[in-house]
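A short worksheet on the structure shown next.
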Amino acid sequence: MKYILIDCDPGHDDALAILTAYAHPEELRILGVTTIGGNQTLEKVTENARRILQFLHADIPLASGQAGPLVKSLHTAEDAHGESGMDGPVFEKEDYPLVSDNAVVFLKEQIMACPEKVTIVAIGPLTNIALLMRVYPETKEKIDCISIMGGGIGHGNSTELAEFNIYVDPEAAHIVFHAGVPIVMAGLDVTEKALITVREIESLKEKGRVSRMAGELLGFYNESGRQYGFTDSPIHDLCAVAYLLQPDLFQGEYQAVDVITEEGCARGLTFADKRLMCDKVKNVLVLEEVDRDRFAAMLIEALERLDESIS
Ligand code: BDR
Ligand code: CA
């Protein structure tokens, strides 16, 4: 059993990551969900988190976090995720409670109160997590690992070189990668191979309540992905949860990863020191390969479980 906190900006793939984690209560105990401005404004992504948790009839504390990055102003990803940040399904009006509007304090309290070490699943810009590392460094001892969706060794999606979550807040990413905490990095190297096919998306539409909602999410996300050249859909954020459930789906290598924060075309680039003589601490497991078929099956089975357990 792992105790996890999910820091997210839902986001279609964030929502699928939450659903999959929630479908495995015997392996993952979700201590809380926190939000961060990213794919859309903080207000919108927090509404989306409330929609998903209410849809699940969940009883998981939800806290909102930082509205924008440490230094620059927020830029969002509505091209990929739509006006709401999670376009597609129509949700009932939600009244899911927010336990706090200070995610950093909430995270600290959850981590320090937990009887065991905690894993943070960080699938949005890293602003909340960087603040946690800086303001409450005592939490580091109690963090088993931070499972991040972000970056890519030498290639990007927001720019040629920078991936969205890192590009939004490179200063925060720099703090987190240098915090001395073990990190698993699901960057674009692996997440662009973690595809759900059009046929698999179609099949969801014939199933139960949760699968159908996921099918509607993926229907929108698949269409929007075409502008970036994808026919099938990369479910980036799910990799950060899937690794915790079935690490053997992935192959990777421990590396020393750094982040470019300087202005210019490389801002937000993540890179690894691959020199043989590199003597830096290799605290980041960079995932490189995924068994796509088993990855997709994990998502589909998780949704089926929820179809059965939630009315
Ligand atoms: C990341 O950016 C967001 O749009 C997704 O939710 C994911 O976290 C992919 O680059
Ligand atoms: Ca995300």
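Using this note's numbering, you'd call the opening residue of the sequence shown number 257 and step up by one each time. Glycine is no exception: its CB is placed at the ideal position from the N, C-alpha and C atoms. Note that the structure is a prediction, hence the values are computed from the model and not measured.
| query | result |
| --- | --- |
| With the cut-off set at 7 angstroms, would you say residue 506 and residue 543 are in Cβ contact? | yes |
| Would you mind sorting residue 339 into buried or exposed? The rule is 16 or more other CB atoms within 10 Å of its CB. | exposed |
| My understanding is that residue 374 touches residue 259, with C-beta atoms under 8 angstroms, so please give their C-beta distance in whole angstroms. | 5 angstroms |
| Is there at least one non-hydrogen atom of ligand 2 closer than 6 angstroms to the beta-carbon of residue 452? | no |
| With DSSP collapsed to three states, give me the class of residue 510. | strand |
| Excluding five sequence neighbours on each side, which residues of the same chain lie with their C-beta closer than 7 angstroms to the C-beta of residue 422? | 406, 407, 429, 515, 524, 526 |
| Is it the case that the stretch 349–363 contacts the stretch 386–397, given that we only count it when at least three CB pairs across the two stretches are under 8 angstroms? | yes |
| Can at least three beta-carbon pairs, one atom from the stretch 456–472 and one from the stretch 411–419, be found at a separation below 8 angstroms? | no |
| Do you know how far the Cα of residue 520 is from the Cα of residue 283? | 43 angstroms |
| Spatial neighbours of residue 551 within its chain, please: CB distance less than 7 angstroms, with the 5 preceding and 5 following residues excluded, ordered by chain position. | 450, 498, 505 |
| Beta-carbon within less than 6 angstroms of residue 386's beta-carbon, same chain only, minus the 5 sequence neighbours each way: which residues are those? | 428, 431, 432 |
| In whole angstroms, what is the alpha-carbon distance linking residue 455 and residue 275? | 20 angstroms |
| What separation, rounded to the nearest whole angstrom, lies between the Cα atoms of residue 486 and residue 539? | 32 angstroms |
| With burial defined as no fewer than 16 other Cβ atoms inside 10 Å of the residue's Cβ, what is the status of residue 349: buried or exposed? | exposed |
| What three-state label does DSSP hand residue 489 in the structure shown? | strand |
| In the DSSP output, which residue or residues are listed as bridge partners for residue 259? | 285, 374 |
| Return the bridge partner residues of residue 545 from the DSSP annotation. | 507 |
| With burial defined as no fewer than 16 other Cβ atoms inside 10 Å of the residue's Cβ, what is the status of residue 351: buried or exposed? | exposed |
| Give me the Cβ distance between residue 384 and residue 322, rounded to the nearest whole Å; I'm assuming they're in contact under 8 angstroms. | 6 angstroms |
| Work out the CA separation of residue 286 and residue 316 for me, nearest whole Å. | 7 angstroms |
| Identify whether residue 441 lies in helix, strand or coil by the three-state DSSP scheme. | strand |
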